[in-house]
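Residue numbers (the working numbering): 28 to 306.
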Amino acid sequence: MKPLWGAALLLLLCAATCAQQNSCVCQKNKRVTNCQLVNGACQCQSVGSGVPVDCSTLTSKCLLMKAEMRGSKSGRREKPKDAFEDTDGLYDPECENTGIFKAKQCNGTTCWCVNTAGVRRTDKQDADLKCSELVRTMWIIIEMKHAERNTPLHSDTLLNTILYFLQYEEPLITIDLKQNSSEKSSRDVDIADVAYYFEKDVKGDSIFHENILNMTIDNERLNFEKMSVYYVDEVPPEFSMKSLTPGLIAVIVVVVIAIVAGIVVLVKEMNEMHRGLNA
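Quick look at the structure:
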């Protein structure tokens, strides 16, 4: 029996050693499990869904949100007229096997439609709601207000630090991420995923194993007091007036009144011009 026991122990030790040799670290996503080296590439499973994750690229926002929810269970420039914020925050999303969001998301019997960034773009309705397609988010605007600094910031310095198109008007830093359907190939990362990684880094909750975002400029840490993200879809959102905040409704009313007033003035001027020509 002793030789058999020794052989079994040897096999166990070998299995443990082999498992260690085949294990790997997913540098671009720490919310994964069961990581293994496959043909020299690190492949893992996303926490909460078990969907395979390719560690050579960014993980989709849908899988990241689902993993974050599982962890928590076990956690100013003028905007385009169709730009809207994510007012719902983190939720437990339904993802396709490819990792993208399902067009229809539900919490019990309450359902809504989302865009490719997973942000609600309709009113919340019952389970009979139809979401015919997953509408692409083609433009993401990240607006950040930085804290007071001892050394002033300059746009050129920011461009060398944050490799995205940005505008700077103290104290606001605005980053634009644009990508339409024709510009994205199957291997390209989605701007929604880029924005989510960036947002997590800025808020000190990096998805990377090591926070690679260098936010030190001129030997002084760049701290932020507020961050807002706006989304512009290829198809305008379908919110009803009752779902809009009173402040936004007031702005819309003011704009409509201004447009009507402008039309009245224009018509009056055209009538006076016409009378002058006929005199």
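Even for Gly, the Cβ is constructed at its ideal location relative to N, Cα and C.
CA nearest to the CA of residue i, picked from the options
i	options	result
G116	P263, Y257, K129	Y257
V78	N66, G67, L91, H181	L91
H173	Y223, R147, K253, A110	K253
K88	K230, A222, V259, F235	A222
P263	T149, W139, Q54	T149
E160	F128, E197, L199, A219	F128
E170	S76, S255, V146	S255
A154	Y195, W139, A68	W139
L199	C158, E265, G135, E175	E175
C-alpha distance - residue i paired with residue j, whole-angstrom precision
i	j	result
T201	A144	19 Å
I279	S267	Low per-residue confidence applies at I279: pLDDT is 38, beneath 50, and the placement is therefore not dependable enough to give any value.
D245	N177	10 Å
V292	E95	Residue confidence for V292 is low, a pLDDT of 41 falling below 50, so the modelled location carries little weight; the figure read from the coordinates is stated next. C-alpha separation (whole angstroms): 55 Å.
D217	R97	23 Å
Q152	V141	13 Å
T137	L156	9 Å
V80	V52	12 Å
F111	N66	43 Å
L85	F225	11 Å
C122	D220	14 Å
T125	D232	25 Å
S212	V146	22 Å
E197	F251	12 Å
K227	E247	21 Å
A307	I234	In the structure as shown, the chain begins at 28 and stops at 306. Residue 307 is therefore absent and cannot be evaluated.
V162	A130	8 Å
G135	K55	32 Å
S332	L204	Only positions 28 to 306 of the chain appear in this structure, which leaves residue 332 out of reach.
C158	Y195	38 Å
V74	D215	23 Å
Q206	Q132	23 Å
E265	E210	25 Å
Secondary structure of residue i, DSSP reduced to three states
i	result
E175	coil
R214	coil
R248	strand
C53	coil
A94	helix
A222	helix
S307	Given a span of 28 to 306 for the chain in the structure shown, any question on residue 307 remains unanswerable.
D232	coil
C89	helix
S267	coil
T164	strand
K227	helix
S209	helix
V59	strand
S83	coil
E196	strand
D153	coil
C71	strand
CB contact flag (residue i, residue j, <9 Å)
i	j	result
Q63	S50	yes
L180	L249	yes
K93	D119	yes
V229	I167	no
Q70	T60	no
H236	K108	no
S208	M165	yes
beta-carbon residue i near the ligand NAD non-hydrogen atom, thresh 8 Å
i	result
E196	The ligand NAD is absent from the structure shown, which contains no ligands of any kind.
Residue-chain proximity (residue i, chain B), Cβ-Cβ < 9 Å
i	result
K131	In the structure shown, chain B does not exist; there is a single protein chain.
Segments assigned beta strand (DSSP E), at least 3 residues, entirely inside the region 102–145 = 131–134, 137–140
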